[in-house]
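To start, the structure itself, in structure tokens.
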């Protein structure tokens with residue numbers, strides 16, 4: 008079973024976020040997205056509407072776009088106000104190869120021990136996500 012690999016990406020606050028910053032004992036979902044992707048926008052909206060059901064999950068949004076564009080997306084979707092949600096910029100475009108994915112959107116679901124549960128290519132209904 009795959010575990011979360013080592014990574015380091017720029018966050019929208021000007022610093023860096025690495026695998027060492029992940030909360031121990033929490034499930035983690037990586038969301039590889041693009042701010043202009045229709046499915047990505049719908050997924051962000053569904054997460055916002057169901058955030059109370061995801062309170063024990065750390066959500067990591069990663070995009071290869073520049074940090075300012077990602078920050079505007081987070082603000083527009085009102086997801087930047089939650090401590091459990093992080094927005095990261097993959098400026099060197101290494102996320103896809105590091106996490107072995109090849110499409111947008113893509114969700115990587117990890118359990119509280121950082122073991123990969125599932126890789127979801129494309130959009131996932133929030134109800135299914137909450138059950139996992």
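In my numbering, the protein residues as written are 8 to 139. For glycine and all other residues, C-beta sits at the position ideal for the given N, C-alpha and C.
For residue 18, which residues does DSSP report across the bridge?
95
Taking all protein chains shown into account, decide if residue 69 is buried (16 or more other Cβ within 10 angstroms of its Cβ) or exposed.
buried
Quick one, are the C-beta atoms of residue 42 and residue 121 less than 8 Å apart?
no
Could you have a look at residue 87 and say whether DSSP puts it in helix, strand or coil?
Looking at residue 87 - three-state DSSP - the assignment turns out to be coil, as it is neither helix nor strand.
Residue 105 - containing alpha helix (DSSP H), residue span:
Following the DSSP letters along the chain, one finds residue 105 inside the alpha helix (DSSP H) bounded by residues 102–105.
Cα-Cα separation between residue 22 and residue 97, rounded to whole angstroms
13 Å
Near residue 127, which residues of its chain fall below 6 Å by C-beta distance, leaving aside the five closest residues on each side in sequence?
114
Would you identify the three-state DSSP class for residue 26, choosing helix, strand or coil?
helix
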